[in-house]
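Chains as they are written, first to last, in full-length UniProt numbering: chain D, 1 to 391; chain V, 1 to 391.
Don't be surprised by glycine CBs; every beta carbon is placed ideally from N, CA and C.
If you're wondering where the values come from, they're calculated on a predicted model, not measured in any experiment.
See structure below.
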């Protein structure tokens, strides 16, 4: 999928042309409009996604173990990318722990998180979690006689007396700015603010050369990214986002022919409904390996789950947030031909709570016939929890 | 006290000279160094302060009653200023309810609060409360189908997708900027950040003409203003602030000859110790009229109360924060010649919780012999709760 990057000459030319084309037509949420080559199923007919969830970069920069755990998170992602060689990385929120960051701008830490994909030429997409734009929380002990420890990231000039977190729009602008052609992330429509990471990516059919039928511009998979809130505002998918999803899906996929997958950070309340009892064994039809805590769901449900359940083209939802859960369970709220799967990713970063071994959920989609399978790849190379999401 | 304002020619000349002098000597926290005429006891030997506490401007700008209650707060201050004609207004924190303000910069609301003093040519000083730099808290119902109500203060350009509160340094810079010669507020030393409103004002002796003894540059009262935190950080007076107070008081008043008064927003834990039982009658030695709630004290005590109690020159501490308390009680934690009084102000604004009638604590200090008396002036003109703080 990312082979274009290995021959930069034509790729850059194509990207430049695409930028010109983009300037001449109305803006859309499609990555193609941003000057990036389209995502596309590979010659083998598959498209593989690695989900990196809850990296939590930037904790305790004033200690040794803070930077050390960030280095450990680098190694987890490197191990997974070595083992899986995905076509796309989805960063599933909480890339940074902004409430632990006494810096005027968290983009450097955010950049370190996405550099795992960028450094290997792998396209990536991000959604916001509840920690990414949080304001710094002053440790109470800094007001005691011990005072403020020496900081490795001192406040720059003009940073004022507070560290208010970096607005989602600023983090996204830094990620997707000039010369960031591997980022497929996007700031969604302004009417969805304060939610920002609301956009759609399409993965095109594998193309003429392989199939010879002229369908190389047809999308064969739609991926919807949504901002589930938190940090600077309520942890919620809003009613406005539900309307946006309805409009987008009707426009891009009116007959539901194209399979659809959904990505956001905080589990919806539906996750709590399908969850196996916390700390109990995970039994079929659920599949997973850790079930160590209660689901910590969004604050309210304003209709997104109903909207998803009604579309049989929607196959699965992927979230992070709960570091102690890695299961997939079917959601049986509606009559559907196939299940709608609700999946947790796997805690990928050494930042954030929990000491469960780190890994990443992998998702492999096949174009014809459509199938979606998933498993978890651990830092130590092992693989487990294989599940078919299109049975 | 503010008569200099009525003859602007000499006053402006003096201010310009003071600026030149200030540029030639090390910066101090003294108002004189900022080009403002010194505060001074009046010809009658008295100096009167009005304390405006918890105005909470800017609530519910998207309704009718939000702006209406701000107008009501304007009227309370006008009534008190008409009745008392003070020499100084102290705004004792929570001038605005920033967590209710969907605006990129709260300085316009802050400015409305201080305009009560400015409009009458009365000098003023401010300290920060816990609501002044809070980030906007998105109402959960704005994510429902009802959506976001029409805002009377729409976000300006460049405001991003979040309203993160206006940093204390920005609020103070706007208040004390060019042509604000009536503001005696100051941003304290950077080493006290995130606390900002840490500074000392001195009130000079009533001067040569009245006394004929050449002591017209002698300070006869020191007023210490401290930032008791909250909002963007912990509600606390830090150990660093205690050290700063120690250094300042030793420098300005080494022999404790000059009486000292203290102003901050959030009651220290000592207030909870001396408080009459909530909702009980206020009995001597305490003096006040409402006692309707528990003291909501700072999160920790890092030594400021001990530092104050040790200095017999410190006569009283004044705080706001608890809208349902207006008493003064003596603090008997240390052996002292005179009591150290701990006083609440009176809820002045129509913003903020509580429907107790609005008013303002008045403080009148006499130079020779030194005395400090206080009472509460209500919006309706009545006066009550007279107390002598130097008996």
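Near residue 328 of chain D, what residues of its chain come up, given a Cβ to Cβ distance below 6 Å and the 5 sequence neighbours on each side ignored? 287, 341, 343, 387
Using the beta-carbon of each residue, which ones in chain B are nearer than 8 Å to residue 236 of chain V? Checking the listed chains, one finds no chain B in this structure; the protein chains it contains are D and V.
Can you tell me whether residue 478 of chain V is buried or exposed? The criterion is at least 16 other CB atoms within 10 Å of its CB, across all chains shown. Outside the displayed range of chain V (1 to 391) lies residue 478 of chain V, so it cannot be described from this structure.
Here's the rule: buried if 16 or more other CB atoms are within 10 angstroms of the residue's CB, otherwise exposed. What is residue 85 of chain V? exposed
Closest Cβ-Cβ distance between residue 166 of chain D and chain V: below 7 Å? no
Spell out the partners DSSP gives residue 376 of chain V in its beta bridges. V:361, V:384
Under the three-state DSSP convention, the category residue 353 of chain D falls into: coil
By a C-beta neighbour count over all protein chains shown, 10 Å radius and 16 as the cutoff for buried, is residue 272 of chain D buried or exposed? exposed
Please work out which residues of its chain come closer than 7 Å, Cβ to Cβ, to residue 220 of chain D, disregarding the five sequence neighbours upstream and downstream, and give them in chain order. 41, 203, 204, 205, 258, 367
Quick check on the DSSP output: the alpha helix (DSSP H) that includes residue 245 of chain V runs from which residue to which? 239-252
Are residue 184 of chain D and residue 171 of chain D touching if we call contact CB-CB under 7 Å? no
Is there contact here, the stretch 91-102 of chain V with the stretch 52-59 of chain V, by at least three beta-carbon pairs under 8 Å? yes
Measuring straight from C-alpha to C-alpha, what distance separates residue 122 of chain V and residue 241 of chain V? 29 Å
Rounded distance between the beta-carbons of residue 128 of chain V and residue 102 of chain V, thought under 8 Å: Actually they are not in contact, since the Cβ atoms of residue 102 of chain V and residue 128 of chain V sit about 21 Å apart, beyond 8 Å.
What does a CB cutoff of less than 7 Å around residue 169 of chain V pick up in its chain, not counting 5 residues either side in sequence? 187, 196
Around the Cβ of residue 146 of chain D, are there at least 16 other Cβ atoms within 10 angstroms (buried) or fewer (exposed)? exposed
Is it buried or exposed, residue 191 of chain V, if we count other Cβ atoms within 10 angstroms and call 16 or more buried? exposed
Find out if the Cβ-Cβ distance for the pair residue 274 of chain D, residue 224 of chain D is shorter than 7 Å. no
Taking all protein chains shown into account, decide if residue 110 of chain V is buried (16 or more other Cβ within 10 angstroms of its Cβ) or exposed. buried
Using DSSP with H/G/I as helix, E/B as strand and the rest coil, what is residue 169 of chain D? helix
Excluding the five sequence neighbours on either side, which residues of its own chain have a C-beta within less than 8 Å of the C-beta of residue 357 of chain D, listed in chain order? 378, 379, 380
Less than 7 Å between CB atoms is the rule here; does residue 169 of chain D satisfy it with respect to chain V? yes
Identity of the residues DSSP links to residue 183 of chain V by a beta bridge: V:124
Alpha-carbon to alpha-carbon, residue 250 of chain D and residue 256 of chain D: 8 Å
From the DSSP output, in three-state form, read off residue 115 of chain V for me. helix
For residue 40 of chain D, which residues does DSSP report across the bridge? D:204
Collapsed DSSP secondary structure at residue 226 of chain D in the structure displayed: coil
Between the C-alpha atoms of residue 392 of chain V and residue 148 of chain V, what's the straight-line distance to the nearest angstrom? No answer is possible for residue 392 of chain V: it lies beyond the span of chain V, which begins at 1 and ends at 391.
Which partner residues of residue 341 of chain V appear in the DSSP bridge assignment? V:316, V:330
In whole angstroms, what is the alpha-carbon distance linking residue 30 of chain V and residue 320 of chain V? Its pLDDT being 45, under 50, residue 30 of chain V is placed unreliably in this model, and the value from its coordinates should be taken loosely. Those two C-alpha atoms are separated by around 24 Å.
Alpha-carbon spacing of residue 23 of chain D relative to residue 181 of chain D, whole angstroms: Residue placement at residue 23 of chain D is poorly supported in this model, since its pLDDT is 33, which falls under 50; the coordinates still yield a value, given next. Distance between the alpha carbons of residue 23 of chain D and residue 181 of chain D: 16 Å.
Residue 294 of chain V vs residue 130 of chain V beta-carbon contact at 7 Å: no
Ordered along the chain, which non-local residues of its own chain (more than five positions away) have a Cβ less than 6 Å from that of residue 232 of chain V? 133
From this set, D:268, D:35, D:310, D:291, which residue's C-alpha is nearest residue 176 of chain D's C-alpha? D:35
Please confirm if residue 351 of chain V has its CB atom under 7 Å from at least one CB of chain D. no
Determine the direct distance from the alpha carbon of residue 199 of chain V to that of residue 347 of chain D, and round the result to whole angstroms. 48 Å
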